[in-house]
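Numbering (the numbering used here), first residue to last: 95 to 287.
Pasting the structure below:
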């Protein structure tokens, strides 16, 4: 397994329900990489007493998606604060092609040179089934079948071009997400060795 010097930036990509967040956290812990989960980053910025923090808090509290300019400002701020010697795992970004292009360019300017993408693939039907089950277990009132299907459609529309881009620009590794968590973890570890 890499020590973070030659494998310093990993993007986790996959549909909702694929387990990418679980796998990203496990790998970040194992490698002592910084775990960049966009929702967590935004919540942390929203707590800051700054113009950007107040703007992000207002948008989060109102349920409005963060605008592209504000998102870029948050990304630049946080990337600038990360130790360049520490590896980073991105979970939840990039979701759109422009985000992928921006991130690759910006990270290269920050001195990062080695990029890996772990694509956790999962059939659409299985993703939907997992999300519906999770919605029942967690009693999420806003996770109706229609809303989950809409989010999955958005994923396929917005994120698949990101996958094609990252295939060309990074060491791209596809992992079968339609298996037990432990087997997915094992496959990831084998692929990175």
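Where is the CB? At the ideal position from N, CA and C, for every residue including glycine.
With DSSP as the reference, identify every bridge partner of residue i, one or two as the case may be.
i	result
residue 185	106 and 131
residue 269	214
Which residues in the same chain have their Cβ closer than 6 Å to the Cβ of residue i, if we skip the five residues on either side of it in sequence?
i	result
residue 178	205
residue 96	Residue confidence is low: residue 96 scores 43 on pLDDT, short of 50, so the model does not pin down where it sits. Its coordinate-derived value is still stated next. Taken in chain order, the list of residues that qualify is empty.
residue 160	153
residue 285	267
residue 180	128
residue 196	none
Go ahead and label residue i buried or exposed: buried means 16 or more other beta carbons lie within 10 angstroms of its beta carbon, across all protein chains shown.
i	result
residue 250	exposed
residue 125	buried
residue 107	buried
residue 185	buried
residue 143	exposed
residue 223	exposed
residue 127	buried
residue 260	buried
residue 283	exposed
residue 281	buried
residue 114	buried
residue 244	exposed
residue 291	In this structure the chain extends from 95 to 287, so residue 291 is not present and cannot be described.
residue 238	exposed
residue 275	exposed
residue 193	buried
Of all Cβ atoms in chain C, is any one closer than 8 Å to the Cβ of residue i?
i	result
residue 167	The structure shown contains no chain C; it holds only a single protein chain.
Please work out which residues of its chain come closer than 8 Å, Cβ to Cβ, to residue i, disregarding the five sequence neighbours upstream and downstream, and give them in chain order.
i	result
residue 164	146, 149, 150 and 153
residue 201	103, 173 and 209
Only counting the same chain, and skipping five residues up and downstream in sequence, which positions put a Cβ closer than 7 Å to that of residue i?
i	result
residue 221	109, 110, 111, 112 and 246
residue 232	none
Could you round the C-beta distance between residue i and residue j to whole angstroms and report it? I think they count as a contact, below 8 Å.
i	j	result
residue 137	residue 129	Actually they are not in contact, since the Cβ atoms of residue 137 and residue 129 sit about 14 Å apart, beyond 8 Å.
residue 189	residue 252	6 Å
residue 268	residue 213	5 Å
residue 183	residue 104	5 Å
residue 139	residue 169	Not confirmed; about 10 Å, so no contact.
Comparing the CB of residue i with every heavy atom of the ligand SAH, is any distance shorter than 7 Å?
i	result
residue 131	Summarising the ligand content, the structure contains no ligands, and the ligand SAH is consequently not present.
message: Threshold first: 3 residues or longer. Then list the beta strand (DSSP E) segments lying entirely within the region 161-245, N to C.
response: 182-185 and 209-215
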